[in-house]
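Peer 1: Residue numbers (this note's numbering): -19 to 300. Pasting a structure below so you can have a look.
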Amino acid sequence: MKSDTAIWVQNLRKEFGSFVAVDDISLEVPTGWVFGLLGPNGAGKTTTIRMLLGLLRPSAGQVRVLGLDPYTQRGRLRQLVGYMSQRFSLYDGLTVLENLRFYGQVYGLTSAALRKRVPEVLWLVGLEGRERELARNLAFGLKQRLALAAAIIHRPQVLFLDEPTAGVDPISRRAFWDLLYDLSTQGATIVVTTHYMDEAERCQSLALIDQGRVVASGSPHELRHAPEIGEVIEVYCEQPEEALVALQGLPGLQDVALHGGVVRVLSRAVEADLPRVQEALSAAGLRTAEVAVVEPTLEEVFVACTRARPAAIRVMEAAE
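Structure below.
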């Protein structure tokens, strides 16, 4: 484990009876990075987070967070990390101020330290002037800000966020991510789980998880340009639905999907597939169709990794 590594995971596995929730996951997160776990519901993201926090004991493998074993050294680690769960877990019957004071005391802050820290956190998350409001009366986006405030009240070195913006409107989501980057620039390491592709794009590095396994890892740019993924052939025409039908029957293509009025074809062999696509469109009477080769989106990268089930793609050179 390197000195600038905040989180190190090797061959992590978690079984619940005969069900394998996390299957041989290995990760390395540098200090101060925003790291994303991207995957569908049930992929194993939350189970992984809970093991990193020491809330679950791994069935196999090794974990170190800030050099500590989360399960056997949970007491020491507790003061160094913050956690925001999927569901709002603060007290609805307490005010914003009371919630922050309570969680600050849980993390060991003195009254004097809280008097100084609470106004700072309220300003940071944009809840100034709402100190006396009951948590239950806050809009959902503001509740998430309060949950974040409680998670960072003690200035954690590592912050774990489990789908923190699920159900939050786009404007609030953007503001929330701005807050995360403010924390990152102050030195905090942030691990966030998500199934939103636009949020994944904002992470410095990612692990794509499916059925408990890491199927690819790297920065968003590296993943989109990995040679194992290929490229996308975009098809523009006046009859996109007919183009979709014409191309879905072609063998060898990884994925064919309609995005608005554009058909996107994911291919690992563009030079060979491009003329086949053009021939299929011409045979379907779509001779005026225009095609262009572009890079895949993260969604298409995920599709390529999960459908073909290749060996895990690792392109995290920047972290090494």
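C-beta atoms are modelled at their ideal positions from N, C-alpha and C, and glycine is treated no differently. None of these values were measured; they are calculated from a predicted model.
Could you tell me which of Ile213, Phe15, Gln137, Gly22 sits nearest to glutamine 191, measuring between CA atoms?
Peer 2: Counting from one through the sequence shown, the residue named residue 191 turns up at place 211. Nearest C-alpha to glutamine 191: Gly22.
Peer 1: Return the chain-ordered list of same chain residues with a C-beta closer than 7 angstroms to the C-beta of arginine 97, the five sequence neighbours on each side being excluded.
Peer 2: Residue mapping note: residue 97 aligns to position 117 of the sequence shown, counting from 1. Excluding positions up to five away in sequence, the list reads Gly84, Leu89, Ile133.
Peer 1: In this structure, does DSSP put glutamine 309 in helix, strand or coil?
Peer 2: Residue 309 is absent from the structure shown; the chain starts at -19 and stops at 300.
Peer 1: Glutamine 184 and valine -11 - do their beta-carbons sit closer together than 7 angstroms?
Peer 2: Indexing the sequence shown from 1 puts residue -11 at position 9. Indexing the sequence shown from 1 puts residue 184 at position 204. Their beta carbons are not under 7 angstroms apart, which means valine -11 does not touch glutamine 184 by this criterion.
Peer 1: Please work out which residues of its chain come closer than 7 angstroms, Cβ to Cβ, to glycine 121, disregarding the five sequence neighbours upstream and downstream, and give them in chain order.
Peer 2: As a first step, residue 121 must be located in the sequence shown, where it is residue number 141. Hits under 7 angstroms: Val148, Asp149, Ser152.
Peer 1: Mind the definition here: the region 67 to 86 touches the region 116 to 131 only if three or more C-beta pairs lie below 8 angstroms; say whether that holds.
Peer 2: In short, these stretches touch, since the Cβ pair count reaches three.
Peer 1: Leaving out five residues before and five after tyrosine 216 in sequence, what residues of the same chain have Cβ atoms less than 7 angstroms from its Cβ?
Peer 2: Taking the first residue of the sequence shown as 1, we reach residue 216 at position 236. Contacts found: Val242, Ala269, Glu270.
Peer 1: Going by other Cβ atoms of all chains shown within 10 Å of its Cβ, with 16 needed for buried, is proline 50 buried or exposed?
Peer 2: By 1-based counting over the sequence shown, the position of residue 50 is 70. Proline 50 should be labelled buried.
Peer 1: Look at glycine 12 and threonine 169 and say whether their C-beta atoms are less than 7 angstroms apart.
Peer 2: Translated into positions along the sequence shown, residue 12 becomes position 32. Translated into positions along the sequence shown, residue 169 becomes position 189. Result yes, Cβ atoms of glycine 12 and threonine 169 sit closer than 7 angstroms.
Peer 1: Note down, in chain order, each residue of its chain lying with its Cβ closer than 8 angstroms to the Cβ of asparagine -9, except the 5 sequence neighbours on either side.
Peer 2: Reading the sequence shown from its first residue, position 11 is the one you call residue -9. Only Asp4, Ile5, Ser6, Ala40, Gly41, Gln42 meet the Cβ criterion.
Peer 1: In whole angstroms, give me the CA-to-CA distance for glutamate 78 and glycine 24.
Peer 2: For the purposes of this step, residue 78 is taken as residue 98 along the sequence shown, with counting starting at 1. For the purposes of this step, residue 24 is taken as residue 44 along the sequence shown, with counting starting at 1. Their Cα atoms are separated by approximately 34 angstroms.
Peer 1: Classify alanine 249 as helix, strand or coil using the three-state DSSP reduction.
Peer 2: Working through the sequence shown from its first residue, we reach residue 249 at position 269. Three-state DSSP puts alanine 249 in coil, outside helix and strand.
Peer 1: Using 8 angstroms as the cut-off, can you tell me whether the region 221 to 238 makes contact with the region 252 to 271, which would need three or more C-beta pairs spanning the two stretches below that distance?
Peer 2: Verdict: yes, contact present.
Peer 1: Pick helix, strand or coil for arginine 256, following the three-state DSSP scheme.
Peer 2: One-based indexing of the sequence shown puts residue 256 at position 276. Reduced to three states, the DSSP call for arginine 256 is helix.
Peer 1: Mind the definition here: the region 59 to 68 touches the region 100 to 114 only if three or more C-beta pairs lie below 8 angstroms; say whether that holds.
Peer 2: No: the two stretches stay apart, fewer than three of their Cβ pairs being nearer than 8 angstroms.
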